[in-house]
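2 protein chains.
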Amino acid sequence: MSRLKGNCVVAQSGGPTTVINASLCGVIQEAMRQDCIREIYAGYNGILGVLNEQLLDIGGQDRQTIAGLKVCPAAAAGSCRHKLSKDPKSGEYERILEIFRAHDVRYFFYCGGNDSMDTADKVSKLANQTGYELIVMGVPKTIDNDLAYTDHCPGYGSVAKYLATMVMESGRDTEALYTHDTCTIMEAMGRNAGWIAGSTGMAARELDDAPHLIYFPEAPVTRDKIVDDVRRVHARLGRVFIVVCEGVKDDKGNYLAEAGGDFGQDSFGHKQLGGAAEALRGIVEKDCRIKARTNKPGTLQRNGAHFASLTDVEEAYMCGAKAVQMAAEGTSGYMITLVRDPESKTYGCTTGLAKLSDVANGEKKVPREWINKDGNHITDEFRKYAMPLMKGEAPITIGDDGLPVYVRLEKRIVAQKCAKWTGPGKM
Amino acid sequence: MSRLKGNCVVAQSGGPTTVINASLCGVIQEAMRQDCIREIYAGYNGILGVLNEQLLDIGGQDRQTIAGLKVCPAAAAGSCRHKLSKDPKSGEYERILEIFRAHDVRYFFYCGGNDSMDTADKVSKLANQTGYELIVMGVPKTIDNDLAYTDHCPGYGSVAKYLATMVMESGRDTEALYTHDTCTIMEAMGRNAGWIAGSTGMAARELDDAPHLIYFPEAPVTRDKIVDDVRRVHARLGRVFIVVCEGVKDDKGNYLAEAGGDFGQDSFGHKQLGGAAEALRGIVEKDCRIKARTNKPGTLQRNGAHFASLTDVEEAYMCGAKAVQMAAEGTSGYMITLVRDPESKTYGCTTGLAKLSDVANGEKKVPREWINKDGNHITDEFRKYAMPLMKGEAPITIGDDGLPVYVRLEKRIVAQKCAKWTGPGKM
């Protein structure tokens, strides 16, 4: 057991997932069980809440509310896309430690993707250098499923289940109405990796089922190839259902579509994508002379708590709880990973550890051999990988109005002790 | 009881709904119980299947498949948007009667919106004029909820339930990530009526819940008004969630957005809409200087069988079954309507009848007084109307892969007896 006693901060970062609140629930409920952890705080809007000393008092929340976080969309403590400076001497990391010192925070749990693991790593290292005893643990989260060192990421199983269901259902629509709406194009999230787009391939239980074509960032396309693909499917079936990953590029490395306007880049320096489906529609209508329509579920896909994967929810919870257990045992500087049992015939999954610095610098794309030779659908290897992650339906509560009931944390901000923050990310 | 004995044809028309197959199931299962009906056929791809003598043999289908139609997205027998000529002498109506004569069809059940009721009416009248004994009954269907003479339309309760859930869930995403994605704009279907857009207002159980703004075709907007609305909500909450109906117009009657390209109109002569959310995003980003993103669920919203309203499913089934019962009693030339019990405190609904010709020429919009004075949200009257329609969750089967299992009709086409069709709608 860790000799270190003190308070803890948990924070959520980046795009929400269907199950990031399950991880939050796991962290909180396990932290309540650990004697070494006294008060539990959450960064309100992720790391911005730490910088601005906006810490939510979790201990004072209703226990039913905490339990309800297990199946609740988005990020209940708030999230952000604030990217801390690459420079460890920017002042931001010192500010985080200043807040932690002021509130006797000795445990920091950061739930996010590789940018967040980088942040956690830098905070951990600065604490070491300055002799402030702090245990830092990462909790994996991303619908993109692109973190290295983990078999898969919490959040992925649910987006896969929901988006594949969407494709199955709207694929039936195209099948019914192909004499009018001959082609449907659905846009999946995924900046650099096609894990989400690929998961919709699960909807095609049989050859002619939607989706007929899936385009991946890992398999660049040309306009000619798209036109050939669409014509071939159309000639065979009289209809075409396409899933396109927002991050699809051509063979010269240009994105199929980039959003125009004044907000073309986010604060991480990533290009803001979103127009891949509309761009593809233009190609299909102009070059193939086939009427096409687009479905762009956007943020719906990462928040479908009404049809979340139970496997995903339970693993997300496990990652949160395990991070606290390991921290209480004195482990620091690691992210919890998910480890698939390689022996068992039935799916089994335990946890492991990966260094924060390793995760920060890694990225896992879809192996090219899990995409078919034509570069437009998944192989059985992909199916075997994704299928168990999508299993089970997380139970939800439905209100008298026929709609889901999701909990909300009370905005109880812990009394502030430091000067107002005036640096980057000032709120 | 009707003395008339013979075969029946059922056909599905227009955009699918989550529950049009429940109506199909109701027609088929009730037709199997009626002695006056011998064989049951379905027009494959709606009225196109009749014109082209592509009739699906329903009697030969597996009974479990028929039962499974009750919760199954899209139109299992196929649908179409083929608009029959306004001119009763076009040859199309004669062709329909030719097919009906050849196959001894004495009962015709047409499941669709007001265009379909117009078709059914013209077929009915021509049969009368030519002395061919034929019973014609309409079964209401449209997510748009815009049919006159019926309290509501099968299909509406499910799209309302699902889309409101989508707004609730992605509204939480905006709430969590408002420091980055400050405004989310979701596009709802609805060419002329804002019933669907309005239903998302149900997601706002409390004042600050999404959606904060809803725009209706029934309440024209100006660019200035939108900008004022968005600024006011943003100043209060720091975030804005907007639902915009695809058919929203400005005060001069111009659509907020019309799809460009070569396919700007469908064969009904309707303008093909779809860009309202993107148009609105442009306004919000340019005039309000707020980053916005769009969700366009498109055909997803009308096919969410995994979260269908049980009330809607049961009423859709009831409409189909009742149409057959009335037909068997000799009633012809009517559409089944849904009649809400005006007395009871709890929701109750029975069926009634409306003349096909009346329904064909009617259209029901959202009463202006069910939209708030500002023209940007719903009133309690709207809530009271919509809430009971969204209640209950229709049970579905989930496969070993974690995805829904939906039935499919076998494509068993009845032996053809007539010359090939060469007129409009030739397949």
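In order, the protein sequence lines correspond to chains R and U.
Last residue of the first sequence: number 639 in the numbering used here, and the count goes up by one each step with no gaps.
Last residue of the second sequence: number 639 in the numbering used here, and the count goes up by one each step with no gaps.
By construction, the Cβ of each residue, glycine as well, lies at the ideal position given by its N, Cα and C atoms.
Computed from a predicted model, the values in this text were never measured in an experiment.
Starting from the C-beta of T543 of chain U, find all residues in its chain whose C-beta is less than 8 angstroms away, skip the five residues before and the five after it, and write them out in chain order. Within the second sequence, numbered from 1, the residue matching residue 543 of chain U stands at position 331. Only I347, M349, L565 meet the Cβ criterion.
Would you mind telling me which residues of chain U sit closer than 8 angstroms to F519 of chain R, beta carbon to beta carbon, in chain order? If you number the first sequence from 1, residue 519 of chain R lands on position 307. The answer, in chain order, is H518, F519.
Hey, how far is the Cα of V351 of chain R from the Cα of T511 of chain U? One-based indexing of the first sequence puts residue 351 of chain R at position 139. One-based indexing of the second sequence puts residue 511 of chain U at position 299. Put simply, the backbone Cα of V351 of chain R is about 36 angstroms away from that of T511 of chain U.
Kindly say whether N257 of chain U, judged by its beta-carbon, lies nearer than 8 angstroms to any beta-carbon of chain R. Within the second sequence, the letter at position 45 stands for residue 257 of chain U. Yes, N257 of chain U lies at the interface with chain R (some Cβ there is under 8 angstroms from its Cβ).
What's the call for D592 of chain U, buried or exposed, on a 16-neighbour Cβ count within 10 Å? By one-based count along the second sequence, residue 592 of chain U stands at place 380. Result: exposed.
Less than 8 angstroms between CB atoms is the rule here; does R245 of chain U satisfy it with respect to chain R? For the purposes of this step, residue 245 of chain U is taken as residue 33 along the second sequence, with counting starting at 1. Taking Cβ atoms only, chain R never reaches closer than 8 angstroms to R245 of chain U, which makes this a no.
So is Q341 of chain U buried or exposed if we call it buried at 16+ other beta carbons inside 10 Å? Within the second sequence, numbered from 1, the residue matching residue 341 of chain U stands at position 129. Label assigned to Q341 of chain U: exposed.
Using only the alpha-carbon positions, how far apart do A223 of chain U and G258 of chain U sit? Indexing the second sequence from 1 puts residue 223 of chain U at position 11. Indexing the second sequence from 1 puts residue 258 of chain U at position 46. Between A223 of chain U and G258 of chain U, the C-alpha separation is close to 5 angstroms.
Taking contact to mean at least 3 C-beta pairs separated by less than 8 angstroms, is the segment 308-328 of chain U in contact with the segment 255-270 of chain U? yes
Count the other CB atoms, across all protein chains shown, that sit within 10 Å of the CB of S556 of chain U; report buried if there are 16 or more and exposed otherwise. Counted from its first residue, the second sequence places residue 556 of chain U at position 344. Under this definition S556 of chain U is an exposed residue.
Step through the CB atoms of chain U and report whether any lies within less than 8 angstroms of the CB of C457 of chain R. Taking the first residue of the first sequence as 1, we reach residue 457 of chain R at position 245. Answer no: the Cβ-Cβ gap between C457 of chain R and chain U never drops below 8 angstroms.
Buried or exposed for E399 of chain U, please, with buried defined as at least 16 other CB atoms from any protein chain shown within 10 angstroms of its CB. Working through the second sequence from its first residue, we reach residue 399 of chain U at position 187. Per the 10 Å Cβ criterion, buried.
Rounded to whole angstroms, what is the Cα-Cα separation between D462 of chain U and I590 of chain U? To locate residue 462 of chain U, count along the second sequence from 1; it is residue 250. To locate residue 590 of chain U, count along the second sequence from 1; it is residue 378. If you take the alpha carbons of D462 of chain U and I590 of chain U, they lie about 19 angstroms apart.
Answer yes if the segment 354-368 of chain R comes into contact with the segment 415-428 of chain R, meaning at least three C-beta pairs across the two stretches below 8 angstroms, and no otherwise. no
Rounded straight-line distance, which links the Cα of C237 of chain U to that of A279 of chain U: By one-based count along the second sequence, residue 279 of chain U stands at place 67. By one-based count along the second sequence, residue 237 of chain U stands at place 25. So the two alpha carbons sit approximately 7 angstroms from each other.
Using a Cβ cut-off of 8 angstroms (strictly closer), state whether I240 of chain R contacts chain U. Within the first sequence, the letter at position 28 stands for residue 240 of chain R. Not an interface residue.
N- and C-terminal bounds of the beta strand (DSSP E) containing T563 of chain U: Within the second sequence, numbered from 1, the residue matching residue 563 of chain U stands at position 351. That run of the beta strand (DSSP E) goes 561-567.
Where D613 of chain R meets chain U, residues with beta-carbon distance less than 8 angstroms: In the first sequence, residue 613 of chain R corresponds to position 401, counting from 1. Within chain U, the residues near D613 of chain R are M414, R417, M599, M602, K603.
Whole-angstrom distance between G574 of chain U and G635 of chain U, CA atom to CA atom: Within the second sequence, the letter at position 423 stands for residue 635 of chain U. Within the second sequence, the letter at position 362 stands for residue 574 of chain U. Approximately 29 angstroms between the Cα atoms of the pair.
What in chain C is Cβ-close to I610 of chain R, meaning under 8 angstroms? The structure shown has no chain C; the protein chains it does contain are R and U.
Nearest-angstrom Cα distance between K623 of chain U and I308 of chain U? Position 411 of the second sequence holds residue 623 of chain U. Position 96 of the second sequence holds residue 308 of chain U. Distance between the alpha carbons of K623 of chain U and I308 of chain U: 21 angstroms.
In terms of alpha-carbon separation, which member of U:G226, U:E251, U:T229, U:T230 lies closest to C220 of chain U? Locating residue 220 of chain U in the second sequence gives position 8, counting from the first residue. Nearest of U:G226, U:E251, U:T229, U:T230 to C220 of chain U, Cα basis: U:E251.
Do the segment 592-604 of chain U and the segment 503-523 of chain U meet, that is, are 3 or more Cβ pairs less than 8 angstroms apart? The segment 592-604 of chain U, when compared against the segment 503-523 of chain U, does touch it at the 8 angstroms Cβ threshold.
In chain order, what residues of the same chain have a beta carbon less than 6 angstroms from the beta carbon of G560 of chain U, not counting five sequence neighbours either side? Within the second sequence, numbered from 1, the residue matching residue 560 of chain U stands at position 348. Contacts found: D553.
Just verifying my parser: in three-state terms, what is the DSSP assignment at Q224 of chain R? In the first sequence, the residue the question calls residue 224 of chain R occupies position 12. It is a strand residue.
Rounding to the nearest angstrom, what Cα-Cα distance links E580 of chain R and L375 of chain R in this structure? Along the first sequence, one-based indexing puts residue 580 of chain R at 368. Along the first sequence, one-based indexing puts residue 375 of chain R at 163. Sequence inspection shows Arg at residue 580 of chain R; the Glu mentioned does not correspond to that position. Going from the Cα of R580 of chain R to the Cα of L375 of chain R covers about 22 angstroms.
Kindly list, in the order they appear in chain U, the residues whose Cβ is closer than 7 angstroms to that of A388 of chain R. Residue mapping note: residue 388 of chain R aligns to position 176 of the first sequence, counting from 1. Near A388 of chain R (Cβ distances below 7 angstroms), the residues of chain U are P228, A286, A287, G290, S291.
Segment limits, alpha helix (DSSP H) that includes A400 of chain U: Sequence index remark: in the second sequence, residue 400 of chain U carries index 188 (1-based). From DSSP, A400 of chain U is part of no alpha helix (DSSP H) but of the beta strand (DSSP E) over 395-400.
Distance check for P432 of chain R and G476 of chain R, CA to CA, integer angstroms please. By 1-based counting over the first sequence, the position of residue 476 of chain R is 264. By 1-based counting over the first sequence, the position of residue 432 of chain R is 220. Note that G476 of chain R has pLDDT 35, beneath the 50 cutoff, so the model's placement of it is unreliable and the number below is only indicative. Using only the alpha carbons, I get a separation of about 22 angstroms.
According to DSSP, residues forming a beta bridge with I643 of chain R: Residue 643 of chain R lies beyond the range of chain R shown here (213 to 639); nothing can be said about it.
Thinking C-alpha only, which one of R:T391, R:A540, R:I240, R:A488 is nearest D274 of chain R? Taking the first sequence and counting its residues from 1, the one referred to as residue 274 of chain R is at position 62. The shortest C-alpha separation from D274 of chain R is found at R:I240.
From G367 of chain R to P607 of chain R, what distance separates their C-alpha atoms? The residue you call residue 367 of chain R lines up with position 155 of the first sequence. The residue you call residue 607 of chain R lines up with position 395 of the first sequence. Rounded to the nearest angstrom, the two C-alpha atoms are 16 angstroms apart.
Which residues in chain U have a C-beta closer than 8 angstroms to the C-beta of H589 of chain R? List them in chain order. Residue numbering aside, residue 589 of chain R sits at position 377 when the first sequence is read from its first letter. Within chain U, no residue has its CB atom less than 8 angstroms from the CB of H589 of chain R, the nearest being about 16 angstroms off.
Cβ of S382 of chain R within 8 angstroms of any chain U Cβ: Residue 382 of chain R sits at position 170 when you count from the first residue of the first sequence. True, the Cβ-Cβ gap to chain U drops below 8 angstroms.
When you compare the CB positions of T506 of chain U and I426 of chain U, do they come within less than 8 angstroms of one another, or not? For the purposes of this step, residue 506 of chain U is taken as the residue at position 294 of the second sequence. For the purposes of this step, residue 426 of chain U is taken as the residue at position 214 of the second sequence. Not in contact: T506 of chain U and I426 of chain U (Cβ atoms no closer than 8 angstroms).
By the DSSP assignment, the alpha helix (DSSP H) with D641 of chain R in it spans what residues? A question about residue 641 of chain R goes unanswered here, because the residues of chain R that appear run from 213 up to 639.
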